[in-house]
Amino acid sequence: MVETIYTDLLCLGAGLAGERVAIEAAGAGFDVICLSIVHSKRSHSSAAQGGMQAALGNSVMGEGDSPDIHFQDTVKGSDWGCDQEVARIFVDTAPIVMRELAYWGVPWNRVVGGKGSYYKGGQKFEKVEDAAKEGLITSRNFGGTAKWRTCYTSDGTGHAVLYTMDNRATQMGVKVHDRIEAIAMIHDGETCQGVVARCLRTGKLRVYLAKATLVATGGYGRIYKNTTNAVICEGGGQSIALDTGLVPLGNMEAIQFHPTGIVPTDILVTEGCRGDGGTLLDKNEDRFMPQYEPEKAELASRDVVSRRMIEHIRKGFGVKNSYGDDNLWLDIRHLGEAHIRTKLREVDEICQNFLGIDPLHQLIPVRPTHHYSMGGVRTNKDGAAYGLKGLFAAGEAACWDLHGFNRLGGNSLAETVVAGKIIGGKVVEYLKGASVTFNTAIVDGFIKKEQARISALIHGSGKENVFELRTMMQDALMAGVGIFRNEKDLEKAVRTIQEVQERAKNIGLKSNGLGANPELGLALKLPGMVRLAQCVAYGALQRRESRGCHAREDYPARNDRDWLTRTLATWDEGADLPTLNYEAATPTFELPPGERGYGGGKIISADESEA
Amino acid sequence: MDRMLTIHVFRYNPQDPDSTPHMQSYYIDETESMTLFIVLNRIREEQDPSLQFDFCCRAGICGQCAMVINGRPNLACKTKTKDLPSQITLLPLPFFKLIGDLSVDTGTWFREMNTRVESWIHTQKEFDPAAEEERMDNDTAEKIYELDRCVECGCCLAACGTARMREDFLGAAALNRIARFVLDPRDQRQEKDFFEIIGNDQGIFGCMGLLGCEDVCPKNLPLQDQLGYLRRKMGIYALKNLRSTKKTC
Numbered sequence: 180m181v182e183t184i185y186t187d188l189l190c191l192g193a194g195l196a197g198e199r200v201a202i203e204a205a206g207a208g209f210d211v212i213c214l215s216i217v218h219s220k221r222s223h224s225s226a227a228q229g230g231m232q233a234a235l236g237n238s239v240m241g242e243g244d245s246p247d248i249h250f251q252d253t254v255k256g257s258d259w260g261c262d263q264e265v266a267r268i269f270v271d272t273a274p275i276v277m278r279e280l281a282y283w284g285v286p287w288n289r290v291v292g293g294k295g296s297y298y299k300g301g302q303k304f305e306k307v308e309d310a311a312k313e314g315l316i317t318s319r320n321f322g323g324t325a326k327w328r329t330c331y332t333s334d335g336t337g338h339a340v341l342y343t344m345d346n347r348a349t350q351m352g353v354k355v356h357d358r359i360e361a362i363a364m365i366h367d368g369e370t371c372q373g374v375v376a377r378c379l380r381t382g383k384l385r386v387y388l389a390k391a392t393l394v395a396t397g398g399y400g401r402i403y404k405n406t407t408n409a410v411i412c413e414g415g416g417q418s419i420a421l422d423t424g425l426v427p428l429g430n431m432e433a434i435q436f437h438p439t440g441i442v443p444t445d446i447l448v449t450e451g452c453r454g455d456g457g458t459l460l461d462k463n464e465d466r467f468m469p470q471y472e473p474e475k476a477e478l479a480s481r482d483v484v485s486r487r488m489i490e491h492i493r494k495g496f497g498v499k500n501s502y503g504d505d506n507l508w509l510d511i512r513h514l515g516e517a518h519i520r521t522k523l524r525e526v527d528e529i530c531q532n533f534l535g536i537d538p539l540h541q542l543i544p545v546r547p548t549h550h551y552s553m554g555g556v557r558t559n560k561d562g563a564a565y566g567l568k569g570l571f572a573a574g575e576a577a578c579w580d581l582h583g584f585n586r587l588g589g590n591s592l593a594e595t596v597v598a599g600k601i602i603g604g605k606v607v608e609y610l611k612g613a614s615v616t617f618n619t620a621i622v623d624g625f626i627k628k629e630q631a632r633i634s635a636l637i638h639g640s641g642k643e644n645v646f647e648l649r650t651m652m653q654d655a656l657m658a659g660v661g662i663f664r665n666e667k668d669l670e671k672a673v674r675t676i677q678e679v680q681e682r683a684k685n686i687g688l689k690s691n692g693l694g695a696n697p698e699l700g701l702a703l704k705l706p707g708m709v710r711l712a713q714c715v716a717y718g719a720l721q722r723r724e725s726r727g728c729h730a731r732e733d734y735p736a737r738n739d740r741d742w743l744t745r746t747l748a749t750w751d752e753g754a755d756l757p758t759l760n761y762e763a764a765t766p767t768f769e770l771p772p773g774e775r776g777y778g779g780g781k782i783i784s785a786d787e788s789e790a
Numbered sequence: 003m004d005r006m007l008t009i010h011v012f013r014y015n016p017q018d019p020d021s022t023p024h025m026q027s028y029y030i031d032e033t034e035s036m037t038l039f040i041v042l043n044r045i046r047e048e049q050d051p052s053l054q055f056d057f058c059c060r061a062g063i064c065g066q067c068a069m070v071i072n073g074r075p076n077l078a079c080k081t082k083t084k085d086l087p088s089q090i091t092l093l094p095l096p097f098f099k100l101i102g103d104l105s106v107d108t109g110t111w112f113r114e115m116n117t118r119v120e121s122w123i124h125t126q127k128e129f130d131p132a133a134e135e136e137r138m139d140n141d142t143a144e145k146i147y148e149l150d151r152c153v154e155c156g157c158c159l160a161a162c163g164t165a166r167m168r169e170d171f172l173g174a175a176a177l178n179r180i181a182r183f184v185l186d187p188r189d190q191r192q193e194k195d196f197f198e199i200i201g202n203d204q205g206i207f208g209c210m211g212l213l214g215c216e217d218v219c220p221k222n223l224p225l226q227d228q229l230g231y232l233r234r235k236m237g238i239y240a241l242k243n244l245r246s247t248k249k250t251c
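First to last, the sequence lines map onto chains A and B. The first sequence begins at 180 in our numbering and counts up one residue at a time. The second sequence begins at 3 in our numbering and counts up one residue at a time.
Printed below as a string of structure tokens:
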């Protein structure tokens, strides 16, 4: 007998997006359960360091800021890949949400009136904060923005906001079931009705049936070998949505590489380091970004900075390290002890703990590394997923689509809570009108299918090693679907992932699979991860242009004539490749396609006729 | 870097009727910049895929991987093998319920703790979306964040003498959380409200002052100061209250 639990709203994930939606629904009187594979306060939102963009304009360097300027920065950052209606809703709502978080208890850093100094490009400058703004939420500088707009709590913003949010959720009566992992989505072909889940304490299966289900499981960075992402970021939610064969994933090829992962562990050090005046240096300890990006330098968008770093390394300016590759240096020494030990204390700790260096006196070895997934479960502007009624998605798990082909630093952490509030409101509207009939035969069918998978893994004759297959998939993406891409390497990645997919049908466990067995856990997940990996690789192969983070060496121009589109990937049962469709990137153009102002590169305009 | 490490690991899977608690040893070659995150994942992938342990951010940020490392609770992800002898003994955190091997259930305990101490701002004010945010001094914000940096890893409870003797003890994590809200001007709770939660042996008066918590906190939170501060504050409140009760009698 499989335990069955009913609720109004089921949130898959209890990070910032999931809990923010949950709070909205609980506030409206609905019963809400969040599933989380870890204690909710360990969700990967907690690792976000830098901050949240919102055009409050309180700090002197943010003076004159407005949602309009935030909107322009976001659309340019996305390389015109985002949905402009969504970007507009987001920038208009963000300031209110930051204030709401302050009301709930987030210890935002505040404006300190009077004279102060700041660094830009290694130089010290003076600034005078308006005494009349003393005590309001302040902001720091981030890449690709015209103003200082990123609200922060030291460099532990994600941690501070998640702790406040999780406690608020507890206060509102949101139930969190932790160490529970959804492994299949229950649906009748039209409506999503909940999930089959596996308990990560006992290994037992459980069914959750709900009027509405939200995917808020974060990113899927662990399909890559090297990533800043936590080990839990395996795309569980996207993967079970894709498995329905009905729900499309948007822009899976849009993968962000962050300029400053430390070597060799790929742990992130925040963009705030550069925002606060840190610089990138090469093997001669020369600052090189201004020669590539005269205006924005280290603070161009992440896709651009990462590409310029690789370009510079390819010219022979990288620092050879003992791990067999090249890195560059991040220099924050000049920011001084008071700043590093208070505003960048997480960075300080990471440097001391994982590199054994003191960033006050030593350079930080960095390289661009996988960081963020712009793609995810495609939703409309209300957060409702395409393909199934009663299914919603928010945060990194979703393709809402605020970020297009490159998200700005500080926009994703803000997205979790801003989208959470907006989509939470839409979920409440949906729940008010929803009644759902659960068909036990359909539910049993889904349970039996999962029981059969588990039984085959434990008792079957499969011989493939799940860890080796995972490594093969991760290496294929590293080799073929990195910062620079081309047809030959992409084709090879697609073929390798097809091979992994085939071999994954024959996984055999080496252990007994009893209880919260980690080998079984991975064996259940891996086929889904492989399908996500293929959506990334195949989507990248088919997109014959360069846009934002998707840089094709064989198609270097941004092609607005043919590719001002969003990729939609669905997966038919038994197929070895996704089915790709395309839709217009945005229903309306508040800001017509143009130059970003950084990054260089050619543009084939929408008006150009075919050559 | 030519050391062979011997990793002695506590093994027990409560879900397996054939499993009994025992120690198991693994051997692994040390590599450069090796952490226990690398060690344990290599053991799982190369030697024993049934081995249960918890990691999440692997960057010392999320608090998931606390365990007892050569007798001392700490985060495994940031523990470098070069700082340890070649014999390494790993045990699950005591105090919390065992899930299996090195994995313990901190989530349930911390969720209950947060409910018990009502770990949120208590205010009569309504949020006004049209209004400017309430102002706060930046120094106050930084002081709150200093205490807000707790990652709920559980090391302080694993190292706590009182927690070993009474399982209803709130421990340094909860007391630090209370101290965080005492500092916060947005929280309208008064001394008597806090006293109701922690003015007892489950709370601040259960602390014996051994301060193992301060010694092992991986985030270097100023726990000793907070415990001292709360003890004094709650003690004075109790005395005052005792006197006023006598007067009214």
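Think of the CB as a built atom: it goes at the ideal place given N, C-alpha and C, for glycine as much as any other residue. Please read all numbers here as calculations on a predicted model, not as lab measurements.
Residues that residue i contacts on chain A, provided the C-beta gap is smaller than 8 Å
i	result
residue 28 of chain B	Chain A residues near residue 28 of chain B: none, gap ~14 Å exceeds 8 Å.
residue 200 of chain B	Near residue 200 of chain B there are no residues of chain A at all, since even the closest Cβ is about 17 Å away, more than 8 Å.
residue 112 of chain B	218, 220
Proximal chain B residues relative to residue i, where beta-carbon distance stays under 8 Å
i	result
residue 541 of chain A	Here the premise fails: no neighbours, minimum Cβ distance about 15 Å.
residue 525 of chain A	63
residue 183 of chain A	The contacting residues do not exist; residue 183 of chain A stays about 21 Å from chain B at best.
Run of the alpha helix (DSSP H) containing residue i, from where it starts to where it stops
i	result
residue 684 of chain A	Per DSSP, residue 684 of chain A belongs to no alpha helix (DSSP H) and is neither H nor E.
residue 703 of chain A	697-721
residue 603 of chain A	590-612
residue 628 of chain A	619-638
residue 473 of chain A	First-last for residue 473 of chain A: undefined, no H or E at that position.
Residue i, DSSP secondary structure in three states
i	result
residue 250 of chain B	Its pLDDT being 48, under 50, residue 250 of chain B is placed unreliably in this model, and the value from its coordinates should be taken loosely. If DSSP states are grouped into helix, strand and coil, residue 250 of chain B belongs with the helices.
residue 492 of chain A	helix
residue 155 of chain B	coil
residue 53 of chain B	coil
residue 372 of chain A	strand
residue 338 of chain A	helix
residue 378 of chain A	strand
residue 141 of chain B	helix
residue 183 of chain B	helix
residue 740 of chain A	coil
residue 174 of chain B	helix
residue 234 of chain B	helix
residue 344 of chain A	helix
residue 508 of chain A	strand
residue 298 of chain A	strand
residue 105 of chain B	strand
residue 787 of chain A	coil
residue 96 of chain B	coil
Paired residues, beta bridge with residue i - DSSP
i	result
residue 10 of chain B	B:27, B:91
residue 549 of chain A	A:406, A:436
residue 357 of chain A	A:215
Chain-ordered chain B contacts of residue i [CB-CB under 9 Å]
i	result
residue 638 of chain A	None at all; the shortest Cβ gap to chain B is about 16 Å.
Cross-chain neighbours of residue i in chain A, by beta carbon under 7 Å
i	result
residue 138 of chain B	289, 314
residue 35 of chain B	443
residue 150 of chain B	286, 339, 342
Limits of the unbroken beta strand (DSSP E) element including residue i
i	result
residue 571 of chain A	570-572
residue 556 of chain A	555-557
residue 69 of chain B	68-71
Proximal residues of chain B, C-beta to C-beta of residue i below 7 Å
i	result
residue 693 of chain A	15, 17, 18
- [ ] Scan the region 355-369 of chain A for residues whose Cβ lies nearer than 9 Å to a Cβ of chain B and list them as they occur along the chain.
- [x] 355, 357, 358
Open item on the list: Any C-beta of chain A within less than 7 Å: which residues of the region 58-86 of chain B qualify?
Closed with: 58, 59, 60, 61, 62, 63, 64, 65, 66, 80
- [ ] Compile a chain-ordered list of the residues in the region 474-505 of chain A whose CB is closer than 9 Å to at least one CB of chain B.
- [x] 501, 502
- [ ] Could you name the residues of the region 721-747 of chain A whose beta carbon sits closer than 8 Å to any beta carbon of chain B, in the order they occur along the chain?
- [x] none
Open item on the list: Which residues of the region 326-353 of chain A have a Cβ closer than 9 Å to any Cβ of chain B? Give them in chain order.
Closed with: Answer set for the region 326-353 of chain A: 332, 333, 335, 337, 338, 339, 342, 343, 345, 346, 347, 349, 350.
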